Each structure stands twice: as C-alpha cells, then as structure tokens.
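Below is one structure; the comments refer to it alone.
There are 2 protein chains.
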Amino acid sequence: MAKTNLLAADGGFEQPCPIRDVLDRIGDQWSLLVLDALEGGTKRFNELMRTLGDISKQMLSLTLKRLEEDGFVRRTVYPEVPPRVEYDLTPLGHSFLVPMKGLVAWADEHHRHVCEARTHYRTGAR
Amino acid sequence: MAKTNLLAADGGFEQPCPIRDVLDRIGDQWSLLVLDALEGGTKRFNELMRTLGDISKQMLSLTLKRLEEDGFVRRTVYPEVPPRVEYDLTPLGHSFLVPMKGLVAWADEHHRHVCEARTHYRTGAR
DNA sequence: CGGGATCCATCGTGATACTG
DNA sequence: CAGTATCACGATGGATCCCG
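From first to last, the protein sequence lines stand for chains H and V. Residue numbering for the first sequence follows my numbering, beginning at 1 and increasing consecutively. Residue numbering for the second sequence follows my numbering, beginning at 1001 and increasing consecutively.
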C-alpha cells in the first residue's frame, strides 16, 4: 500500500504530503519557466523578464521570492548604484531540473497526442 | 539557444508551447493525484473519492473530464441502474506516469531540504 | 535598475443542493 | 450511484504607480 500512494492526502497523516507540498509551489504558471531560464546560469531581474517574455514584474518578483524561500534559487544583491541583483540556481535547484527535464521531454514528445485527443473528444467522442 | 528553451512563451511563436500547455492541465491541484490513484487500475467515481480522500465531487468530476478530454483517462459508462461509470488510464496516461514518477521521487527525496530552506529563510537569511 | 504597494479582473476550488 | 447547477470566496495574475 505504501507502494505508490505517495500522493495521498498525506503520507500517513503526518505532513501535508511532500508531493503536494512541492507541487503547490512549482505548479504555478511561472516557477518551472523561471527555473528553466536560470539553467543557463546567473541572470539579472530584467534579463529574466526578457527571457520569459511575457511575465509581469510582479509575478517574476513573487515567483523568485518563493523559489528563493524554498531553496531553489539564490539571490545576490550587490550594494551598488544603480542596484544590481543576480539570481542563480542552488544545488537543490539544479537537482530539480533532472526530473523536470523528464517532464518537459514527455510534454514535448506527446503534445501532439494530447492535441489529437482533444480534437477527437470534441468531434465525436460522445 | 534552442537547447533548453522549450519552456519559452512559445516554441517559436507557433503553438502556446507544449510544456505550458501540458503543465496548465496537470499543474492543478488534483490531476496528478487522480492519475496516481488510477495507476492501480480501473476505478469508479466514488472509489476515487475515497482514495483521494479530500476532493470534492465537483473537482473530481471536473478533473476527470479534463483528463478524459486530454486523452489521459478513459471513461466507460455502463447503461445500468444504478449507473456505473469506470475510469482507467489510457496508454498515454500510463506513459505520463513515467516522468511523473521521477518528479514524485524527487519531491519525496528532497522535501526535507525544501523545508529546511524555508526555515532557514525565515530565521536569518535576510 | 530592481523591485514594493495598490487596485482590479479572472480563475480555481469548496460547499451545498438538486437530478437522472 | 454519478454526477450537474448554483453560489461564494480566496488565490492568481495583470497593470500601474511609486520608491530607494
């Protein structure tokens, strides 16, 4: 029973289940994209804005803060003027990229099937 | 540059990027849990309710509909009374479990680190 | 430049009641 | 049993202005 039920409401009613906890964070619209953008190395705030393309300052700021809080991203402030802030992945963040890549690869590979399924669903499934 | 930027706003401004498209679906609060619950085999509606434990009927219904539409789940209705409806994974759904397991395993393994990072963040990081 | 604060629109989710 | 309909609310995300 403990086989695959890591996703149950709790892992046995202790903590709120590791997977849910993690997914709640990286399950938002931007976290994965930011992590991906940082894979290439250190980036500054506006650099990330340009890389992501269509994220607002607020969401980038918020996402980075959450990722920093969870230990995925490191934030480095240089006491200069004008201010300079750099973001890069921690070892934890890097390690997360591994399973993430698996997910991305799957999505890239099977996106066609999903689209076909949607079409088929509408045309005549029911 | 096309190396890892599969997550950019689009894969080159064509479709809304496969990864975002997939993530928007399975990134909600329940999809992964439902898929996991179905790994064991065919299940009925109320069976899933019990397995998930704390999902509402509405959300289970909605989640299943989306998963069915995207081709992850197959819905089989038996014209009986009282009604009987069974859900199980399609091949696509099964194939998705592979990368998902990777993510689950990571979450299970590194959850401690994330918790520690959060604590450390609050106590004195800034 | 790198955000924080505020306001607002929308979405996701839950609770409840009702239906076939 | 297996949902659907309705209501309500908090979270999510965008836009804008402001500040050091």
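Quick reminder that beta carbons are idealized off the backbone N, C-alpha and C, glycines included. For clarity, every value in this text was computed on a predicted model and none was experimentally measured.
Helix, strand or coil: which one does DSSP assign to residue i?
i, result
"D54(H)", "coil"
"E86(H)", "strand"
"H1111(V)", "helix"
"G12(H)", "The pLDDT assigned to G12(H) is 44, lower than 50, so where the model puts this residue is not dependable, and the model offers no usable value."
"T1042(V)", "coil"
"V77(H)", "strand"
"D141(H)", "Only positions 1 to 126 of chain H appear in this structure, which leaves residue 141(H) out of reach."
"M1100(V)", "helix"
"D1070(V)", "coil"
"G1027(V)", "coil"
"R126(H)", "With a pLDDT of only 48 at R126(H), under the threshold of 50, the placement of this residue in the model should not be trusted, and no figure is reported."
"A105(H)", "helix"
Could you give the distance in angstroms between the alpha-carbon of residue i and the alpha-carbon of residue j?
i, j, result
"E1116(V)", "Y1078(V)", "50 Å"
"Y1121(V)", "V85(H)", "18 Å"
"L35(H)", "L62(H)", "14 Å"
"A1105(V)", "F1096(V)", "14 Å"
"L48(H)", "L64(H)", "10 Å"
"K1043(V)", "T1123(V)", "46 Å"
"G1012(V)", "E1068(V)", "Caution applies to G1012(V), whose pLDDT of 44 falls short of 50 and renders its modelled position unreliable; the model cannot decide the point."
"L33(H)", "T1051(V)", "32 Å"
"A1107(V)", "P82(H)", "39 Å"
"T1004(V)", "H110(H)", "Interpretation of T1004(V) is limited by its pLDDT of 46, a score under 50 that renders its predicted location unreliable; the figure taken from the coordinates is listed afterwards. So the alpha carbons of these two residues sit roughly 17 Å apart."
"G142(H)", "H1094(V)", "The question about residue 142(H) has no answer, for chain H in this structure spans 1 to 126."
"R118(H)", "Q1058(V)", "21 Å"
"R66(H)", "V98(H)", "20 Å"
"L60(H)", "E1080(V)", "52 Å"
"D21(H)", "M100(H)", "16 Å"
If the cut is a Cβ gap below 7 Å, which residues of chain V does residue i touch?
i, result
"V22(H)", "A1107, H1111, V1114"
"P18(H)", "A1107, D1108, H1111"
Among the candidates the options, whose CA atom is the shortest distance from the CA of residue i?
i, options, result
"G1041(V)", "H1113(V), R1118(V), D1088(V), P1018(V)", "D1088(V)"
"L92(H)", "V73(H), A105(H), E80(H)", "V73(H)"
"I1055(V)", "E1109(V), A1037(V), K1101(V), G1071(V)", "A1037(V)"
"V114(H)", "I1019(V), C1017(V), M1100(V), G1071(V)", "G1071(V)"
Just the chain V side, please: which residues come within less than 9 Å of residue i by C-beta, in chain order?
i, result
"G27(H)", "L1023, I1026, G1027, D1028, Q1029, L1032"
"R118(H)", "E1069, D1070, G1071"
Please compile the residues from chain H whose C-beta is within a distance smaller than 8 Å of the C-beta of residue i.
i, result
"R1044(V)", "Chain H residues near R1044(V): none, gap ~18 Å exceeds 8 Å."
"P1079(V)", "Within chain H, no residue comes near P1079(V); the closest Cβ sits about 14 Å away, beyond 8 Å."
Name the chain H residues that come within less than 9 Å of residue i, Cβ to Cβ?
i, result
"Y1121(V)", "E68, E69, D70, G71"
What does residue i reach in chain V if we use C-beta pairs closer than 8 Å?
i, result
"G102(H)", "V1098, P1099, G1102, L1103"
Handout entry: Cβ contact check for the region 1019 to 1037 of chain V and the region 22 to 33 of chain H: 3 or more pairs under 8 Å
Key = yes
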